[in-house]
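Participant: Residue numbers (the working numbering): 300 to 440. C-beta: ideal position from N, C-alpha, C; glycine also. Handing you this structure, nothing more for now.
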């Protein structure tokens with residue numbers, strides 16, 4: 300089974316990682332796990348034109364490293380093998396594209412679940428994933 304695990308550095312991502320580690324026995328074989336962080340492209344052109352592409356790329360890499368740190372440390376400590384990816388772009392479409400490219404059987408992510416309305420309850424990324432892919436999505440709250 301191929302799993303795309305979406306991590307954003309939040310406590311919800313960590314909860315989802317812990318759940319996945321605890322439930323590892325539900326898989327017949329060790330899953331092929333890809334841990335991904337998609338950093339939204341938030342730097343406006345009026346900022347990026349004043350710094351080199353290398354500086355911008357380094358900033359995005361640093362943000363991804365921060366977002367993935369706790370989850371990858373937990374997976375390492377549990378002995379769970381994974382492949383790591385860091386991308387920049389529109390989060391939900393990038394996750395869907397990556398899941399399709401790797402042939403993911405499932406997408407796993409955490410969700411904040413702070414409100415009773417569906418969009419806020421799941422978060423905009425989770426809502427877009429659920430409506431934008433036929434790949435099963437496991438949302439851990």
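1) Considering only the beta carbon of each residue, do residue 390 and residue 319 sit closer than 9 angstroms?
2) Going by alpha carbons, who is nearest to residue 438 out of 310, 406, 432?
3) Near residue 342, what residues of its chain come up, given a Cβ to Cβ distance below 7 angstroms and the 5 sequence neighbours on each side ignored?
4) In three-state DSSP terms, what is residue 332?
5) State the CB to CB distance for the pair residue 366 and residue 306, rounded to an integer number of angstroms; the pair is presumed to be in contact (CB under 8 angstroms).
6) Which two residues bound the contiguous alpha helix (DSSP H) that contains residue 314?
7) Hey, would you say residue 425 sits closer than 9 angstroms to residue 374, going by beta carbons?
8) Could you tell me how far apart the beta carbons of residue 371 and residue 334 are, in whole angstroms, since I believe they sit closer than 8 angstroms?
9) Note down the Cα distance separating residue 362 from residue 347, rounded to an integer number of angstroms.
Facilitator: Put simply:
1) no
2) The candidate whose alpha carbon is nearest that of residue 438 is 406.
3) 355
4) strand
5) Indeed they touch by this definition, with Cβ atoms about 6 angstroms apart.
6) 310–321
7) no
8) 6 angstroms
9) 16 angstroms
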